[in-house]
Every structure is written in structure tokens, then in C-alpha cells.
Amino acid sequence: MAKLCLKKASKRQSCAKRYKIEKKVKDHNKKQAKLARKDKTKKRAAKQEIKVPNSCPFKEEILQAAEKKREEMVAQKEAAKIIMKQRKADAAKEKAPTTIEQLAAKAEARGLIHEIRVPLMEKGAGLSDKTIKQFAGEVRKTIENADVVIEVLDARDPLGSRDQAVERQIVLAGKRLVLLLNKIDLVPKENVQAWLMYLRGFYPTIAFKASTQEQNSKLGRFTASNIHSASTSKCVGADLVMKLLGNYCRNRNLKTSVRVGVIGFPNVGKSSVINSLKRKRACHVGAMPGITKQMQEVELDKNIRLIDSPGVILASNKDLDPVEIALKNAIRVDSLEDPTVPVLAILRRCSKETLMLHYVIPEFTSPDHFLALVARKLGRLKKGDAPMEGDGMVYDPNVEITLDDDAKEEDGMEVDGEQRVVIQAGKRKQRKDDKGDDTVALPDSLSLEDGNVSLNSAIKKAVKKQKRKTRKTNDRAEKMFNAFGSALLDKDESME
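Take any residue in the sequence shown, count from 1 to its spot, add 2: that is its number in this note's numbering.
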């Protein structure tokens with residue numbers, strides 16, 4: 003007789019199955035809601051007006067009170083609009099020029115803003131006119147909204163990264179201007195001191211070095227701004243910037259936060275300065291120019307707000323030299339139409355011996371000969387062992403080239419000729435006339451050629467190979483000695 007199953011099946015299930023069901027239900031509901039939003043056939047029900055029933059004894063009084071309340075709300079909105087317009091008008095009157103000099107300065111500023119453009123970008127930087135105007139507009143808004151403007155200069159070329167026309171407009175607008183000499187670790191200390199003495203004759207100038215630490219927060223800084231500590235990875239000069247901004251807040255008796263605009267040429271380190279002051283990676287930074295695309299505010303504390311702006315060369319067409327802009331690393335190397343022109347400028351500025359030591363190449367007689375030697379050194383060769391031309395040789399993303407190296411050199415200092423020597427280890431057959439040597443010598447196949455094996459690893463391999471060869475020779479000699487000894491013992495026993 004079959005056994006009856008009186009117990010019901012258990013409804014228990016594993017957690018994985020339960021979570022899977024919940025997830026599928028959630029995804030299904032989300033999909034249905036999305037489809038409902040996209041469905042244009044279904045219209046939302048109009049908001050129904052609240053009606054007072056006729057049976058209400060005080061219907062007229064209720065309707066009159068509701069109408070009066072509605073009129074009061076409309077009047078309040080109109081009054082708020084009028085107050086807002088009045089505030090904007092008062093603010094515009096305060097900023098409006100009152101003298102002829104201020105009117106002339108404002109007109110000159112407007113003309114300068116219309117002339118802001120970069121001819122080199124128009125030729126080959128890959129940026130449209132709309133993008134250039136957008137960047138210039140972001141810089142203009144930064145200057146207008148800021149109470150204090152910090153102009154970041156490159157310590158390797160302070161005058162080349164300085165725009166005196168914009169400085170005059172900032173001062174005439176009644177705003178404070180501070181010069182920040184960034185990247186002081188890339189030049190000698192004597193040059194930094196000389197530039198500080200020169201620039202402080204115009205505006206307050208601070209020596210600064212942005213933090214190069216890799217962590218995202220808690221960036222280190224020195225308590226004292228000392229240019230002799232510029233070799234560290236921590237920030238140098240942030241304390242003087244904070245003291246200067248704090249004094250400005252106290253002198254103006256500002257109850258609200260002061261806005262500090264940071265402007266400068268591309269790739270001078272504006273975002274790195276803000277990150278060092280914030281002690282946190284609040285802005286995106288990179289070695290290539292043009293990382294910052296739009297104006298962004300960073301709250302430093304309750305009294306100070308920093309405004310980061312995109313790097314744009316604020317100058318007119320007649321005041322710009324495309325070669326100078328390329329040498330300042332103000333544009334991307336891969337955007338140049340003719341990359342050989344800046345190379346010619348580098349050859350005019352650097353001595354032949356310095357370039358020969360830096361790139362480890364023989365003596366060259368012409369710029370084309372120099373580029374051919376560098377191409378051969380970097381392995382940028384075509385079929386027939388001919389060097390690549392133009393784009394293929396100059397801005398390959400996998401190699402370091404002349405223009406990229408120029409952005410890393412230190413102006414006013416001698417170029418270090420020491421460079422990592424790259425060698426290539428090969429194998430050769432053992433010859434009969436090779437003679438052994440007790441010393442650990444390197445094989446003859448080690449030659450100074452382009453390769454991907456470092457010097458230390460190649461030497462270690464050669465030493466290990468020589469030791470292995472010596473050990474095998476000793477083992478073979480020991481076996482032969484033991485064989486001769488056993489043969490002599492057998493001979494003596496047979497003679498006895």
C-alpha cells in the first residue's frame with residue numbers, strides 16, 4: 003500500500019534564489035516604468051480644480067477668500083522679481099565706470115576679449131573657433147567673478163608666460179593681482195631669487211612649488227615657504243598664499259567668502275596649485291595642456307573659494323609666435339602642422355655638444371642630419387633603413403622625442419648627459435680557439451645597441467653564465483682526477 007504524504011512541501015528557498023527573484027522583479031518594474039515614460043499615447047490626467055459644492059452654506063465667502071489668496075501670491079512673486087532686478091541694477095552701478103579713464107579701460111578690455119584667440123590653434127591645434135571662444139569666455143568670467151586674481155607663471159620662462167595687457171585690465175577693474183612663480187624646483191635657486199626681486203617690483207609675487215605626491219588626499223606641504231626645500235615632493239609656498247588671502251579678507255571686512263580666480267597660460271600648473279592649496283585632488287591634472295575645459299569653483303574654506311579656469315593665451319594675433327607657443331608646451335605636440343620648425347628653434351638655442359650628450363648621438367652637420375640620427379636612435383625607421391618623415395618620427399606616442407624632451411629641460415642649467423645605456427645580449431657559438439679566463443668577463447656579444455634589456459640584467463646574465471661554465475669545468479676536472487686516482491690504485495693492487 004502506498005504511503006500517503008500528508009505534509010505539505012516546504013516553501014523555504016535559498017537566499018541566492020530569493021535575491022535573484024527580487025532583482026528580476028525590480029528590473030521588470032524599472033523597465034515598465036521606463037516604457038511608460040516613453041509612451042506618448044498615454045497622457046497624464048490634468049490637475050482637477052477643487053470645487054466648492056453648492057450645498058455649502060458659505061460658498062461665496064470661501065470663493066472670495068481663495069481668490070484673494072491667489073492675488074496675494076501673484077503680488078508676492080512680482081515684488082520678489084522687482085527686488086531682484088533692483089539688486090542687479092545696484093550691483094551693475096557699483097561696477098560701472100564713473101571716470102573717463104575707467105570707460106577707456108573698459109572699452110579696451112572689450113576689444114581685447116574680442117581679439118582673444120590663438121593663431122596656432124587655428125592652423126593645426128584641432129580646436130574649433132567655437133571651442134576657442136568658449137575657453138576665452140570662461141577666462142573672462144573667471145576674472146569678472148573673482149575678487150583676487152592669481153596669475154600663475156612658469157619659473158622656467160616667467161616673462162614668456164606673463165600677459166601684461168590682462169594684468170593692466172585686472173588692476174584697472176579694482177581687483178587685486180598676485181603673481182605666483184610655479185615650478186621653482188626646475189630652475190636654480192639663484193634664478194628664483196632674481197626673478198622674485200624683479201617681479202616684486204610690479205606686483206606681490208610668491209615662489210611656489212605644487213605637490214607631486216600621488217595620493218588623492220592629505221597632500222603634504224611645508225610650514226615655511228623656503229625655496230631651498232624645492233627638491234621635495236611636498237608643496238612649498240602654500241602658507242604665504244593662505245596668509246596673503248587671509249589679510250585681504252580682514253582688510254576688506256568681508257563677511258562672505260572671497261573668490262580667488264586662477265589664470266595663466268596652458269600647462270603652467272593652475273590646477274596643480276589649486277590641488278596643493280586644497281590638499282586634495284579636486285581638479286584634474288595632466289602633463290598635456292588643455293586638461294581643464296571650463297571654469298570650476300573649489301571651496302578652500304568657509305572664507306576662500308578658488309576658481310579654476312582653462313588655459314588660454316590671452317593675446318592678439320600680432321603678438322604671438324607659433325614657434326614660441328610650441329616651445330612653451332602650451333599646445334599638444336601632435337597638433338602641430340610642421341613639427342620640424344620648433345626643432346630648428348631648439349637647435350638654435352642649444353649647443354651641439356649638449357644635444358649629442360643628451361641623445362647619445364654622433365656629431366651632426368644639419369637639422370635633417372640631427373633628425374635622422376634621432377630617428378635611428380629611437381628606432382623610427384622605414385623600409386630600407388630610411389628614417390621616417392614628419393608625423394611618423396616626431397610624435398609617435400610610444401617614444402620620447404625632441405619636443406617632449408624640451409618641455410622637461412631646465413632653463414638656465416646645463417643638460418645632464420648621463421642617460422640610461424641600453425644594450426642587447428646575443429648568443430654566439432663556442433669556438434675551438436677560445437681560451438678560458440679565471441676572471442668573470444662579459445661576453446663579446448654585449449654591444450651598445452638599441453634594445454629592451456637593461457644594463458644590470460644583462461650583466462647578471464653574463465655573470466651567471468660564466469659561473470655556470472666554471473662550475474661545469476671544475477666538476478669535469480674533479481671526475482677526471484677521481485678516474486685517474488682509481489686507475490692508479492687498481493694498477494698498484496695488480497702489481498702486488
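Note that beta-carbon positions come from the ideal geometry of N, C-alpha and C, so glycine has one too.
Around Leu-346, the same chain offers Pro-369 as residues with beta carbons nearer than 6 Å, after the five sequence neighbours per side are excluded.
Taking C-alpha positions only, Phe-372 is separated from Met-358 by approximately 9 Å.
When DSSP states are grouped into helix, strand and coil, Cys-352 belongs to the coil group. In the displayed model, Gln-15 falls within coil according to three-state DSSP, outside both helix and strand. Runs of beta strand (DSSP E) with 3 or more residues, each lying fully within the segment 144–181, are found at 150–156, listed in chain order. Taking a contact as a CB-CB distance under 8 Å, the pair Ile-145 and Val-151 counts as one, their CB atoms being some 6 Å apart.
Classified as exposed, Asn-56 has fewer than 16 neighbouring CB atoms from the shown chains inside 10 Å of its CB. Annotated three-state conformation of Arg-470 is helix, per DSSP.
For Ala-374, there is no enclosing beta strand (DSSP E); the residue is part of the alpha helix (DSSP H) that begins and ends at 369–380. Judged by their CB atoms, Val-264 and Asp-310 are nearer to each other than the 7 Å cut-off. Spanning the alpha carbons of Lys-19 and Ile-306 requires a straight line of approximately 54 Å.
Sequence-distant partners of Lys-280 (beyond 5 residues in either direction) whose C-beta falls short of 7 Å from its own C-beta, in its chain, are Val-300, Leu-302. Linking Ala-209 to His-360 through their CA atoms gives a straight-line distance of about 29 Å.
Tyr-200 sits away from Leu-181, with the two beta carbons spaced by 7 Å or more. Residue pairing by DSSP places Asp-310 opposite Val-264, Gln-298 in a beta bridge. Within 10 angstroms of the beta-carbon of Phe-486 lie fewer than 16 other beta-carbons, which makes it exposed. In its chain, beyond the 5 residues on either side, Leu-174 have a beta carbon closer than 6 Å to the beta carbon of Ala-107. In this structure, Val-189 sits near Arg-158, with a CB-CB distance shorter than 7 Å. Lys-211 and Val-238 do touch by the CB rule: their CB atoms are close to 4 Å apart, below 8 Å. For Ala-209, the uninterrupted beta strand (DSSP E) run begins and ends at 207–209, by DSSP. Boundaries cannot be given for Lys-44, as no alpha helix (DSSP H) includes it and DSSP labels it neither H nor E.
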